[in-house]
Every structure is written in structure tokens, then in C-alpha cells.
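Q: If you count the sequence shown from 1, position 679 lands on 679 in the UniProt record's numbering, and the numbers rise without skipping.
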Amino acid sequence: MILKNTPKFRLFIYSFLFISFLSGLHLVWNASFQPPLHPVAKQGVLDLRSWHFTDEETIRLNGRWEFYPNEFLSPDYFNSTPTNKSWATVPAAWGDYLNNASDGTGIGFGTYRLRLLLPDNDTQQYGMEMMVVSSGYELFVNGRSVSKLGQPSANPQEHEGKMYPLIASIAGTNEMNIVLHVSNYDFPNGGGITKPIKFGTLAAVQREDYLLIAMQLMVAIIYILHLIYVGLLPLLGVRKKEIVYLAIVIFCMLLGTLVDDNKLLVAWLPISLHWNIKLLRLSLIGASTMLLAFSANFFPIYRKDRAIRVYLLLCALYAIVTLLLPYEQVISLSPLRIMAISLPPLIILIMILRLALKGEDNMVFLLFAAISVVSSIIWATLKLRADWDLPYYPFDLIFAFICFASFWFKQFLQTRINLEQLAFKLQKADKAKDEFLANTSHELRNPLHGMINMAQTVLANTTHSINEASKNNLMLLITVGRRMSLLLNDLLDVTRLKDRDIHLNKESVRLQNIISGVFDMLRYLTEDKPVQLEMNIPRSFPNIIADENRLIQILFNLIHNAVKFTNEGIVSVHAEAIGDKAYIHIQDSGVGIDADVQRTIFYAYEQGDSSMTAMSGGFGLGLSICRQLVELHGGKLTVQSVPGKGSTFTFTMLLDPHAAAEPEFMLPSEAEAAVSAESVIAAHSQLLRLDQREAASDTEQNKAFVLAVDDDPVNLKILFNLLDSEFYEVTTVTSGKKALKQLETKEWDLVIADVMMPQMSGYELTQTIRKRFSISELPILLLTARSRPEDVNAGFMAGANDYVTKPVDAMELKSRVQALTDLKQTVNERLRIEAAWLQAQIQPHFLFNTLNSIASLSVIDQSRMVQLLEEFGKYLRASFDMKNSERVVPLQHELDLLHSYLFIEKERFGNRLQIEWELDDLPRLRIPPLSIQPLVENAVRHGVLARSSGGTVRIRLKGYDDYTEIAIIDNGVGMEEEQVRSVLEQNHGGIGLRNTDRRLKQLYGKGLRIESTVKQGTVVSFSVPKSSTDEANLNEI
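1) Who are the near neighbours of residue 269 in its chain, counting only those whose CB is closer than 7 Å to its CB and skipping five residues on each side?
2) Can you list, in chain order, the residues of its chain whose CB lies under 8 Å from that of residue 650, leaving out five sequence neighbours each side?
3) Which term fits residue 534, buried or exposed, when burial requires 16 or more other beta carbons within 10 angstroms of its beta carbon?
4) Just grab the DSSP bridge partners of residue 547 for me.
5) Looking at C-alpha atoms only, which residue of 334, 250, 579 is the closest neighbour of residue 277?
6) What residues are listed by DSSP as bridge partners for residue 168?
7) With distances taken between CB atoms, is the gap from residue 190 to residue 134 smaller than 7 Å?
8) According to DSSP, is residue 231 part of a helix, a strand, or is it coil?
9) Only counting the same chain, and skipping five residues up and downstream in sequence, which positions put a Cβ closer than 6 Å to that of residue 404?
10) Would DSSP call residue 643 helix, strand or coil?
11) Residue 284: which of 307, 345, 332 sits nearest, CA to CA?
12) Taking the C-alpha atoms as reference points, what is the distance between residue 397 and residue 31?
13) Mind checking which residues open and close the beta strand (DSSP E) that includes residue 183?
14) Tell me where the alpha helix (DSSP H) around residue 345 begins and ends.
15) Per the contact definition of three or more C-beta pairs closer than 8 Å, is the stretch 590-599 in contact with the stretch 563-580?
16) With residue 120 as the anchor, note down where its alpha helix (DSSP H) starts and where it stops.
17) Is it right to say residue 78 is buried, meaning 16 or more other beta carbons lie within 10 angstroms of its own, or is it exposed?
18) I'd like to check one pair, residue 594 with residue 538: are the Cβ atoms closer than 7 Å?
19) So, is residue 900 buried or exposed, given that buried needs 16 or more other C-beta atoms within 10 angstroms?
20) Rounded to whole angstroms, what is the Cα-Cα separation between residue 40 and residue 65?
21) Which same chain residues end up closer than 8 Å to residue 742 when comparing Cβ atoms and leaving out the 5 residues on each side of it in sequence?
22) For the structure I just gave you, are there three or more beta carbon pairs, one from the stretch 55-65 and one from the stretch 156-167, closer than 8 Å?
23) Answer yes if the stretch 118-128 comes into contact with the stretch 169-180, meaning at least three C-beta pairs across the two stretches below 8 Å, and no otherwise.
24) Check for me: the beta strand (DSSP E) holding residue 783 runs from which residue to which?
25) Using the rule of at least 16 other Cβ atoms within 10 Å of the residue's Cβ for burial, across every protein chain shown, is residue 24 buried or exposed?
26) Helix, strand or coil for residue 209, going by three-state DSSP, please let me know.
27) In this structure, does DSSP put residue 713 in helix, strand or coil?
28) In this structure, how does DSSP classify residue 46 when only helix, strand and coil are distinguished?
29) What residues in its chain sit with their C-beta under 6 Å from that of residue 752, if we drop five residues either side in the sequence?
30) When you compare the stretch 956-963 with the stretch 912-925, are there three or more beta-carbon pairs, one atom per stretch, that lie closer than 8 Å?
31) Per DSSP, what kind of secondary structure is residue 574 in: helix, strand or coil?
32) Does the contact criterion of 3 or more C-beta pairs under 8 Å hold for the stretch 222-229 versus the stretch 138-158?
33) Contact check, residue 218 vs residue 36 under 8 Å by CB: the rounded distance?
34) Taking the alpha carbon of residue 29 as the point to measure from, which residue in 391, 322, 15 has its own alpha carbon closest?
35) Pop quiz: residue 1018 and residue 943 are said to be a contact at Cβ under 8 Å. What is the actual Cβ separation, rounded to whole angstroms?
36) Here's a check: name, in chain order, each residue in its chain whose Cβ is nearer than 7 Å to the Cβ of residue 728, leaving out the five neighbours to either side.
Have a look at this one:
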């Protein structure tokens, strides 16, 4: 039979050759990534002692592992031979191995174990890559946790599943004891080690991993490039539904590439396992069904096919169900997923094949593209069902896109595109949002005004029948309510900004304070690049008339833009007064702005084509809003810029003509706009009364000491009224500098600080406190009227424990204050109890040696034995005394313990130990318990007795005007400089120097001072302030 050279025959030949090419490429790829033949694990042991590891290939830890179902066994458990061994094949789902899973379900947890025998004297670094372990695991090698993904747990509520490849670096050794904790509550049909575990040199494992990641990234980049050119098609006049379908197809394939195989997106972003599975399914369903929708709309003959429409509708419903249903129910719909993913490519292949057989132009390219997609699905299914150990294969989809792009561009060149020139009017996308904000603000403002009116009525009708405190509280309630009303008015003003129908709360504002606070909020942007923020405005610069909140908004946007477009250099703010106006300049040394762009940047939604806007997304609404706000203030916003040299934005504000000479620092607050001058004066008077009260009142030990810092007297009054009770002793100060001075006077349990303060902002105060106190030693609560993410981030980066936004909710504030003060007191109590408990743990060798000494003296000298027994009894009573858990104790209590200890040691070591005392008369001195004895014990054990000839320990207590110095001096072996620096970072027997150091720092702000010289001796000292001693004595009285 002679075959005719017909178009259909040629199409058949081309298709056969292309399919053969794709299949051959698959086989070559699979063969090149097959691991070498190597031993497998038998009965929980994998012997690789004769295996030669290279940096070019890896092996798999396949075979029979020990398996302990429904148990999490620690690595130490295997120090002895287990008696409850069972075996599991790796890789394989563990459903048949779980004791509680007679039906073969994979839900549960267990422990895998493998002994890995490696070549002798092997010191190279190994790598182990966990490809897929369902669905949370922790890997231990030789007792050390080296890799953890998710949170394996015996409790389903505590379990967290994660699944993506992870490499563990392991030091070489002759034998590795591998223990793997695995839990699975996510896959009913899976669980356990379902994919091979790669093992080899670290370089070999990383090489294979980097290669596979590079393949996935290459495909992702190809998708992104196609997504870009598809996005450009509407700009060229192609405005059709097919473009949208194609864009969705490409995006879904990009998403599927990033959440499958190496799961790059899951490793980069905090995506849960359940959402990983959902995203993978949605991406595959979306790509498959949208490709069918694209094909049906692209070919007119199928455009109105009812069967295809019904099928697409069903797939869309399934995708919605996948998105909305809980994960457990989504898993049960797997058969529908297979149909939704597999059928569309087959339908498309049939559609294109029919058109190609009819002689449609350029159909061969689409046919090859469809064949490539079907080939990818078939091979992926085979890989999944047969559990092939194969890496990500990128070429099918690459060929599909190359074929499709060839068809598309050929069609584009051959077909005339009829451009339809239509004028589209822009619609307000935020209309619904604006209406919602307006309605919500009105709904909130009505009850708020009702509360204010009721408070005013009560105040007016009961002026003579209520006491002064209640009257002040009602006035405070009205003031706070008015301030809340202003905040709601500002929310309404945002919706009216485009109509210039906005209300400004103008007042006299000190510009330097606002700029300082904005710098603090934006300082986090300069941490990763060499950009300095500078304010060059003299203290004598007059106040300006502005809405404080709007001024913050203007400066924040302009300075934020300056920092964002400045890679290195300086962003400075300076101002000058000309006539009755203030000219504020924000200058940067950034990339600059083109002249063409400068003409349009202040218009809404206008973006330039410069490289600057391409780099950062261009200008949006920020500068337009700044310009409108400045114009509402009666000013003007302009820009001057030179590309490559930087930009200067300048706006004007009216100067305050009535501003008097400014004090050294002053920050007008939001409250001043809502309260009368009489209220402020009353508040200041109240503050004076509070200060007097604080100076005269006695501090009770059961109260928490709270230091409140705010330059606004109204805010301080609110804080005092809310917190001053039997639980808290509140002290108020009006600046950061005063707060730092207060920290020297006593031990505080909490600092509450406002963010916007003159000279030293709340952020700066927090950073300064953190240099002295850790986050648990002195909690800090920041208060601010701004709750933007940048503000919150700046506060926590500065070292704050918590953050509360104004206006403050009383219940929220009290709850947070209680939590933080409880934290502080708990930490203090833990340190004191730790010190007492450790002292009570008398070391066995000390007890044994003392008893031996007593036994020896019973034969030699019974009078000395009796005396030693008496002192040993005193030492035991002092060690177990409950006073050791108190905050401070009398000096004599500590000296009694010290005398007993030294008497015992002197009897034991005789002339090798010499004691010298230098004690001033300090009858009222109170010190932390167990603060001297451990220092002396350290000097005896590790100092003088470390020398064969012994030495001398000198205890010196010397009183000065403001403090008492306590020093322990020995002439022992001494320490190296490096050892001195690290000695407080670890415990050295007894109660430990570190515990003593931390307790001293909490009480007095300063810990131990250590000076040492090798072979000459060591001096350990600390100081007790006189004010602390007086306060402790007062508490005792």
C-alpha cells in the first residue's frame, strides 16, 4: 500500500514525531536523575561503610526502618535496645503500620529510627534532604535536633503540618542514629515518609536541590514573561475575553509551579499546609478550565457550545467549593478534582485536532501545545501513582508555551487588528468604601454625642450635690468624648477630601516635635541602607498654624517618599520664616525626578515612565493628598528636582502671630483642641497635688510601681485616675529626661510612655531604657494616637512590650498593665526563689567533707568538733531560712551565713585559707539575700584554693555618702580577660554569679564589677545606693 503525501498524513507524522521527541526527552531526563545502585536499609540498619561518597551524586535512605506507632520516643530512649520494635518500609505511607488504624488510615503519629553506618574516620559534612514527610516532622541525628518542619504532636490541636523539601546539615561521624518524629492529621490516605530521603555530602545534596530550584524558577520566569506580554496586548488594541482567560491560565500555572515540587512559595511565605494543598488544586483547576474557556472562545465554532459551558460552570462551582469548604471536606472530593483537571486538556486536544484535520491555518502549533500539556499531565500522573523518585520536569510546559507563542505571534502578524477607539470615563472605585466610612462614622458619632450630652446634663443638674472628684471625672469624660468626636470627624473628612469639604482643627503647633516623631516612625526604613535623617530647624523657630494630625500626614508622606527613593545619603528637613509664612523643605539626595514627571506628579493617579516609578510602582495618591491638605491650610506644595541628584519638596504654612517665646520643650497635644484653658490649668493644679501626694505617701510592698510619662497633663490625669488604686502606685512625669531620673530612685514595675513627646520621644526613651533593663526586667507600654503598621513596628523595634492606641479603653489599659506588672513581679519572684532554692541545694562534696572534718575532730579535738557542729548547724539553718526568698534582708543575716561558711572552710583547709575583714559600721544596711556568700564561695573555691599554697580572701564593706561598696578580694589564680568577659554568661556552682548579677541590676540598675589579673587575684564588687537602703528600712518599719 502506498501512503499518499496528504496534509492529514503529514499532520499525523508531525504529531507522531513530536510525541516521540517529548517521550524520548522524558526518558533521558529520568535516566539522568536516577540515583546510583546502593545498599538499602535492613531491619533498621543501613550499612554504608564501604560506600564512597562524592559531591556529584546522592543516595536514598530507602528500606526497612524501625517504626514505633503512636509514640514519640526521644533519642535517649535508644541508648538501650528497644523491646517494642516494629518495621516500616521507607518510602511508603504508614497506614498499614499504625496500631490504631485497622482500616489503613494514615491519621496518627509515630517515631521512625535508622542506624546509619558510615566510613571510618569520616569527617566531611553530610546533607540530608527530606523530600516529603506527611505532614509535620522533627529530625534528630545523634540526639540533636537538626531539622524541623511544622509541629509534630500527639495532640491534633497542637499539630501543624508543613510539606516542602528541607536540607539538614550534619557533621560526619562513623555512625548516625537517626530518629524522626512524624505526625499526620492532614492526609487520611497518606502519612509518614512518603518520598525518599536524599543523603550524601552536603555539596551533592545542595547541588541537586539548587538545580531543581533553578528549573522551577526558569519556568516561573517564562510564565512571568508571557504574563507580561499578555498584559501588553490590551495596550496594543486587543481587548477580548480570551486575553483575560489566557492571563488567568498563565497565572494559575505560575502559582502551580511555585506551590508544587520544591514548593518555593510555601518556603518563602507563611502559607499553611491546608492552603498549600488548596492553592495547588485551585491553580491546576484554574489553569485547566480557563484553558478550555480560552479555546472555546478563541475558536468561533465552539464559542456557543452548551456542553462546554455547562462543564465550565461545574468546574467553577467545584473551585468555589474548594476555596470555601474546610480542608477535610476538600480532601474527600479528590475524584472530582481529577476529572476537573484531566478532561479539559483532552477536550482541547480533540478540538484542535478536528480543526487541524479540517485544514485550519497554523493549527499545528496549537496541536503541539495541546500535546505538550497532555504529555505533562500523563507523566505527572505516572510519577504520582508509581511513586517515581524523579525531580521536577520543566520542558513539556516550556514547549507548550513556545508553540502557543509561535501560533499567537503568527496570528498577530497575519491578522489585521481592528482598533476600536472608545472613550471610557473613569469611575470612582472607592465609592462604596466612602459610603461605608461615612455611614459608619455617623452611626458611631450619634451614640457618642448622646453620651457627651448625658454627661453634660448630669454635670449641670448636680453641680452642688456631687463632690469635687466626681465633678472632675465628669469633666474628664466630656473632654475625652469630644476628642473621640474629633477623630470621627477626621474619618468623615477623608470622604470629603476630593470635594474640598473638609474640616481642619487648626491650632498653634511646634514643628520640631512633629518632625521628630515622624522621624522615629520612619527610622526603620533606614536600617538596611546608609540614609541619615536630619532636622535642621532652630529651637527658636516660631510655631505654625495647622491641624496637627493633617500636618503629621503631610510630613509622613513626603519624608516617606524621600527615604524610599534615596539609596544612600541624607534626607533633611529645614524651615525658614519669610513674612507671615513658614517654608518647610524636605530635601533628599535620591534618584531625582524628570521634568516631564514633575508636571504631573501632583495629579491623582498620575504616574511617570521614569525608571524611578518603574522601580517603586510610581506615584499614586500620596502626593495628590498632600497637595490638597496643604492647599486647605492656605499653603502651596511645590517640587524642585534634578535627575540623579535628588529632590526638594517645599510646602508653606501660616506662622502663629500670637506665639510667645517658646520654652525649652513643649508639645501641644490633641486634647488641647477639645478642652478649655481652664481645664488645662485645673489639670496642672491636679498634677501638683498628685506630686505632693506621691512625695508624702508611703509605698506598700504589695503595690506595683508604675511610672507614667506624657507631656499632656490631661493624659496623665486619665492614667492616674484609671490606675491609682490599692494595686498600683502611679508616679507621673512630663518628659523622658525626668523619667530617666526617676528610674534611679527606686525599682519600677512598669513604664507607660506617650510616643509624641518633646526633646525625647517615646521611642527614644524606650531605646535608652533597654540599654539598662531587658524586656522582662522592666516592661514598657507605649501610648499613641496613631495605629499605622509603621508606628506599631517602630515601637516594638525600639523595645516596647506592648502598644495601646488612643483614645485608651479603660478595660484594655488595665488588662495590659496588669499583665505586664504581673510579668515583672513574676520574673523578680523567680530570681529570688531560684537563688534561695539553689543555695538550699547543698553540694554533696561540701556536705561530705564537712562531715568528715567533724568525724576527724571527734578523735583529735572534741571541743573544736562541738564548735564546728554549731557553725555547721547555723550554716544549714541560714541556707534553708525563708528570708532568702525576700527582696532584701539585713546585712547581719548575710554576714551570719558568711561567718558560718568561712568557719567551716577554715577548719577544713587550715592555714591555706586566710580571711581578712574590713567592715564599716553599717547597722541599717539592707542587701539582697545570698549576694555576698556566693561571691566569697567563688573566691575560695576558684581563687585561693586553686593554688597549692592557698591564699587570702578579704571582705570589705565601706560606706560612702550616697552608697555602700561591698568588695570580695582574693590573691588567687586570677582569670584571663576573655574569661572575665564571659563569666557572667554562665553559672559557676552555688547560686551562680549570673543570678546575683541579674538581681542586683533589677534592684539598683548596676550589677557585679569584676577585675582580675592572672596569678595575682580577682576583685568582685557591687554597690548598694543609700536611697535604696532607706526605702527598704521604711518598708520594714
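Glycine residues also receive a C-beta, built at the ideal position from the N, C-alpha and C atoms.
A: The answer reads as follows:
1) Numbered from 1 along the sequence shown, position 269 holds the residue referred to as residue 269. Cβ within range, chain order: n/a, list empty.
2) Counting from 1 along the sequence shown, the entry for residue 650 is found at position 650. Around residue 650: 583, 584, 585, 586, 637, 638, 639, 640.
3) By 1-based counting over the sequence shown, the position of residue 534 is 534. Burial call: exposed.
4) Here residue 547 refers to the residue found at position 547 when the sequence shown is read from its first residue. Looking at the DSSP assignment, residue 547 forms a beta bridge with 506.
5) What you label residue 277 is simply residue 277 of the sequence shown in a count that begins at 1. Of the candidates 334, 250, 579, the one whose C-alpha sits nearest the C-alpha of residue 277 is 334.
6) By 1-based counting over the sequence shown, the position of residue 168 is 168. DSSP output for residue 168 lists 128 as bridge partner(s).
7) Counting from one through the sequence shown, the residue named residue 190 turns up at place 190. Counting from one through the sequence shown, the residue named residue 134 turns up at place 134. Yes. Within cutoff.
8) As a first step, residue 231 must be located in the sequence shown, where it is residue number 231. Three-state DSSP puts residue 231 in a helix.
9) On the sequence shown, position 404 is the one that residue 404 refers to. For residue 404, where only same-chain residues beyond five positions count, the Cβ hits under 6 Å are 369.
10) Working through the sequence shown from its first residue, we reach residue 643 at position 643. Three-state DSSP puts residue 643 in coil, outside helix and strand.
11) For the purposes of this step, residue 284 is taken as residue 284 along the sequence shown, with counting starting at 1. Comparing Cα positions, the closest option is 345.
12) As a working mapping, residue 397 is identified with position 397 in the sequence shown. As a working mapping, residue 31 is identified with position 31 in the sequence shown. When rounded, the distance between both Cα atoms is 20 Å.
13) The residue labelled residue 183 in the question sits at position 183 within the sequence shown. Start and end: 175-184.
14) Taking the first residue of the sequence shown as 1, we reach residue 345 at position 345. Where residue 345 is concerned, the enclosing alpha helix (DSSP H) stretches over 334-357.
15) yes
16) Here residue 120 is taken as the residue at index 120 of the sequence shown, counted from 1. Neither: residue 120 is in no alpha helix (DSSP H) and is coded neither H nor E.
17) In the sequence shown, the residue the question calls residue 78 occupies position 78. Classification of residue 78: buried, given that the 10 Å Cβ count is 16 or more.
18) As a first step, residue 538 is located in the sequence shown; it is residue number 538 there, counting from the start. As a first step, residue 594 is located in the sequence shown; it is residue number 594 there, counting from the start. No; because the gap between Cβ atoms is not below 7 Å, this pair is not in contact.
19) By 1-based counting over the sequence shown, the position of residue 900 is 900. Buried, since its Cβ has 16 or more Cβ neighbours within 10 Å.
20) By 1-based counting over the sequence shown, the position of residue 40 is 40. By 1-based counting over the sequence shown, the position of residue 65 is 65. Taking the straight line from one Cα to the other gives about 10 Å.
21) Your numbering for residue 742 matches position 742 in the sequence shown. Correct list, in chain order: 707, 731, 733, 748.
22) no
23) yes
24) As a working mapping, residue 783 is identified with position 783 in the sequence shown. 780-784 is the span of the beta strand (DSSP E), which, as asked, contains residue 783.
25) For the purposes of this step, residue 24 is identified with residue 24 of the sequence shown, where counting begins at 1. The residue in question, residue 24, is exposed, as its Cβ has fewer than 16 Cβ neighbours within 10 Å.
26) Reading the sequence shown from its first residue, position 209 is the one you call residue 209. The answer is helix: DSSP assigns residue 209 an H, G or I state.
27) Within the sequence shown, numbered from 1, the residue matching residue 713 stands at position 713. Residue state, collapsed to three classes: helix.
28) Translated into the one-based positions of the sequence shown, residue 46 becomes position 46. Reduced to three states, the DSSP call for residue 46 is strand.
29) What you label residue 752 is simply residue 752 of the sequence shown in a count that begins at 1. 708, 781.
30) yes
31) On the sequence shown, residue 574 is found 574 positions in, with the first residue counted as 1. It is a strand residue.
32) no
33) Along the sequence shown, one-based indexing puts residue 218 at 218. Along the sequence shown, one-based indexing puts residue 36 at 36. Contact doesn't hold; Cβ gap of about 26 Å is too wide.
34) As a position in the sequence shown, residue 29 is number 29, starting the count at 1. Ranking 391, 322, 15 by Cα distance to residue 29 puts 391 first.
35) Indexing the sequence shown from 1 puts residue 1018 at position 1018. Indexing the sequence shown from 1 puts residue 943 at position 943. Yes, they are in contact, since the Cβ atoms of residue 1018 and residue 943 sit about 6 Å apart, within 8 Å.
36) Taking the first residue of the sequence shown as position 1, residue 728 is located at position 728. So the qualifying residues of the chain are 703, 704, 706.
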